[in-house]
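Comments concern the structure below.
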Amino acid sequence: MTADLLLQVSSLSVRQKGAHLLREISLTLGAGKCLAVVGPNGAGKTTLLRAVAGLIPPSSGSVRLLGNEAASLKPERRARVVGLVPQRLAHVPPFTVREFLELSGLERGEGSLSLVRHLERRLLTEISGGELQRVLIAGAVAQGAALLLLDEPTASLDPVGRKEVEGVLRACRESMGLSYIMVTHDVALAARAADSITIMRDGALVWTGNPQDSSLVSQLSDAYGCEFVQLAGDTRGPGLVVPV
Amino acid sequence: MRSKLLALLLMGLLGAVACAATLCGARQYSFSEAIGNPEASQVIFQLRLPRVLFGLFLGGALAVIGAAYQAIFRNALASPFSLGVSSGAALGASLAIFIGPGWPVGVSASAIVAAGVSIVLILGLNQTRAAASQESLLLIGVVFSLFCSSVLTLIQYLSDYSQIFRATRWMLGAVPPASWSAAVVAGLLAVGSAGWLWRSHHKLDLMLFGDDFASARGVDPEGLSRSVFVVTSVAVGWFVAQCGVIGFVGIIVPAAVRLMVGLHHRRVVPLSFLVGALLVVSCDLMGRVVTPPFEVPAGVFTAVLGGPVFVALLLRSRHELL
Numbered sequence: 001m002t003a004d005l006l007l008q009v010s011s012l013s014v015r016q017k018g019a020h021l022l023r024e025i026s027l028t029l030g031a032g033k034c035l036a037v038v039g040p041n042g043a044g045k046t047t048l049l050r051a052v053a054g055l056i057p058p059s060s061g062s063v064r065l066l067g068n069e070a071a072s073l074k075p076e077r078r079a080r081v082v083g084l085v086p087q088r089l090a091h092v093p094p095f096t097v098r099e100f101l102e103l104s105g106l107e108r109g110e111g112s113l114s115l116v117r118h119l120e121r122r123l124l125t126e127i128s129g130g131e132l133q134r135v136l137i138a139g140a141v142a143q144g145a146a147l148l149l150l151d152e153p154t155a156s157l158d159p160v161g162r163k164e165v166e167g168v169l170r171a172c173r174e175s176m177g178l179s180y181i182m183v184t185h186d187v188a189l190a191a192r193a194a195d196s197i198t199i200m201r202d203g204a205l206v207w208t209g210n211p212q213d214s215s216l217v218s219q220l221s222d223a224y225g226c227e228f229v230q231l232a233g234d235t236r237g238p239g240l241v242v243p244v
Numbered sequence: 245m246r247s248k249l250l251a252l253l254l255m256g257l258l259g260a261v262a263c264a265a266t267l268c269g270a271r272q273y274s275f276s277e278a279i280g281n282p283e284a285s286q287v288i289f290q291l292r293l294p295r296v297l298f299g300l301f302l303g304g305a306l307a308v309i310g311a312a313y314q315a316i317f318r319n320a321l322a323s324p325f326s327l328g329v330s331s332g333a334a335l336g337a338s339l340a341i342f343i344g345p346g347w348p349v350g351v352s353a354s355a356i357v358a359a360g361v362s363i364v365l366i367l368g369l370n371q372t373r374a375a376a377s378q379e380s381l382l383l384i385g386v387v388f389s390l391f392c393s394s395v396l397t398l399i400q401y402l403s404d405y406s407q408i409f410r411a412t413r414w415m416l417g418a419v420p421p422a423s424w425s426a427a428v429v430a431g432l433l434a435v436g437s438a439g440w441l442w443r444s445h446h447k448l449d450l451m452l453f454g455d456d457f458a459s460a461r462g463v464d465p466e467g468l469s470r471s472v473f474v475v476t477s478v479a480v481g482w483f484v485a486q487c488g489v490i491g492f493v494g495i496i497v498p499a500a501v502r503l504m505v506g507l508h509h510r511r512v513v514p515l516s517f518l519v520g521a522l523l524v525v526s527c528d529l530m531g532r533v534v535t536p537p538f539e540v541p542a543g544v545f546t547a548v549l550g551g552p553v554f555v556a557l558l559l560r561s562r563h564e565l566l
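Quick look at the structure:
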């Protein structure tokens, strides 16, 4: 029933120190599909990614990966299904990019090297923020993950870095058939890159739909508490959704 | 290829220094005397060889344990010495020597337990801070080390002169005149720790990026850290009980090795073992030949060398050490 689903989250709740971080979250994701998660700070977006990645145990509910209960999977096996791409690393040691990919398991995801061929001899400590994001995504691909969990991949990047990351994500999807869940505040990126968008607030999913849905703008306005407008689209995709 | 050549070179050097350390001392012997002269054979095979082997395993163990601490804490300055674990073990051993009956097994057990308690205490204190960090961990380690040293000083002050003399020499960190049984235990602890850490090299590499990242790559950071602390507490506690605190080996050796061969622990662990062994056996040899028949503890040389060498490595390095 669920074997064709890459991810199935059912009634997932996470409580820590009496606080409800996630409330009754349910969502599914098929192979090759991309979901963007948006919402104000503290909505629980990153917690959701961490729970799916197995870094936080659920208080109730379940996370199933390829039909298997995520909690029952050994960490090594789980890492072959989901690859977390953090917003930033706790520490960036001076490995070369090539070494980093080898550590991630280059033999399983050879396509990852094509994403960073021009950087492979450079040290992680010497590349730009956009390049580091590119390398982190390539690392998740190298570990053989079918589902990438991207935590604000374009945060604190300049326009060139954002364009670079968007290009990498497109390549992952088009040439490798990977799925991803992307947490972002960049609604325009979410609208361009994802098949569906979900809005979170106070630890719960409040709305899920496709980027062309006419109610997206009003739902974003409700969630963020400020007015959003949709600019006219063109042949490259839906119109830009921006706060005013 | 480069690391294999380096390993061969280090093994050759270690063999040569170990031979020299076996033949040299208050009295020098030649190879022919070592084999043909019964008195020389007795000195060499019953006294010096076990001591050299003990020093070799001691240096190797201290270096690989330092490398593991640095990976777990993501800090090039982390080691049982700098985090106060060695001082905690020394306090445990001292309490057993000066207050308890002073049985060797009891002293070792007390040092091992104290090393474990020290780690738990230092990590626990750091966790209670709202903003726990690697820097605060090192600060807590330094303060804990100073506290243990103060209590040790108090214990010495309350002891008689002969105990003070013994305690002072022991605390300077000297490779002891070891028996074969001590050398065998040292070998088991050192090779066992190094072998286990080498098998965990991939996990240690991933730990350099942070607990969350390692966890997302299939590592259990808490389980790995716990195992490292248990294994190293036993090794550090036992070695401190035998020969006091020999500082800096666990800091300067892995730092130098990383500069030579990079960060991968599949190379860092075995090469640190060889360099650490070479350093301690060399320092012990120096201590025995500079002022014969008196001996300068190896810990004096590692302390005198340690600080300047580490600063030199830091200044010469083009990149971060870790």
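First to last, the sequence lines map onto chains A and B.
1 is the number of the first residue of the first sequence in our numbering; add one for each residue after it.
245 is the number of the first residue of the second sequence in our numbering; add one for each residue after it.
Glycine is no exception: its CB is placed at the ideal position from the N, C-alpha and C atoms.
Contact under 9 Å by Cβ, residue i with residue j
i	j	result
B:I356	B:I399	no
B:A438	B:G491	no
B:A485	B:S352	yes
A:L48	A:L65	no
B:S477	B:A359	yes
B:L382	B:A322	yes
B:L515	B:V493	no
A:K33	A:V183	no
A:V247	A:L157	Coverage of chain A is limited to positions 1 through 244, which leaves residue 247 of chain A absent and any answer about it impossible.
B:H509	B:A311	yes
B:S459	A:A53	yes
B:V513	B:W442	yes
A:L89	A:L136	yes
A:A36	A:S175	no
B:V480	B:I341	no
A:P57	A:V14	yes
A:H185	A:E152	yes
B:F545	B:A305	no
Test: residue i CB closer than 9 Å to a CB of chain A
i	result
B:V513	no
B:L382	no
B:S326	no
B:R560	no
B:G310	no
B:R318	yes
B:G567	For chain B, the structure presents residues 245 to 566; residue 567 of chain B sits outside this window and is missing.
B:F453	yes
B:R461	yes
B:F483	no
B:F554	no
B:D456	yes
Collapsed DSSP secondary structure at residue i in the structure displayed
i	result
B:S377	coil
A:Y180	strand
B:W347	coil
B:H445	helix
B:M244	Not covered by the structure: residue 244 of chain B. The range shown for chain B is 245 to 566.
B:V463	coil
A:F228	strand
B:M245	coil
A:T2	At A:T2, the pLDDT of 47 sits below 50, so the modelled position is not reliable and the matter cannot be decided from this model.
A:D213	coil
B:G417	coil
C-beta neighbour in chain B for residue i, strict 9 Å
i	result
A:E76	yes
A:V92	yes
A:F228	no
A:E69	no
A:E120	no
A:V82	yes
A:P58	no
A:L21	no
A:L48	no
A:A79	yes
A:A53	yes
Contact test: residue i Cβ vs the ligand MG heavy atom, cutoff 8 Å
i	result
B:L515	With respect to the ligand MG, the structure offers nothing, as it holds no ligand at all.
Along the stretch 132-162 of chain A, what residues have a CB closer than 7 Å to any CB found in chain B? Q143
Across the stretch 298-305 of chain B and the stretch 404-424 of chain B, are there enough close Cβ pairs to call them in contact, namely three or more that are closer than 8 Å? Cβ pair count under 8 Å is three or more, so yes.
The stretch 463-478 of chain B: positions lying closer than 9 Å to chain A by Cβ: V463, D464
Inter-stretch contact (C-beta, 8 Å, three-pair minimum) for the stretch 74-87 of chain A and the stretch 115-126 of chain A: Because the criterion of three Cβ pairs below 8 Å is not met, the stretch 74-87 of chain A and the stretch 115-126 of chain A do not touch.
Of the residues that make up the stretch 28-40 of chain A, which ones have a beta carbon closer than 7 Å to any beta carbon in chain B? none
Residues within the stretch 426-453 of chain B neighbouring chain A, beta-carbon criterion of under 8 Å: Answer in chain order: H446, D449, L450, L452, F453.
Residues of the stretch 517-542 of chain B whose Cβ lies closer than 8 Å to any Cβ of chain A, in chain order: none
Pairing CB atoms from the stretch 281-294 of chain B with CB atoms from the stretch 260-270 of chain B, are three or more of them under 8 Å? yes
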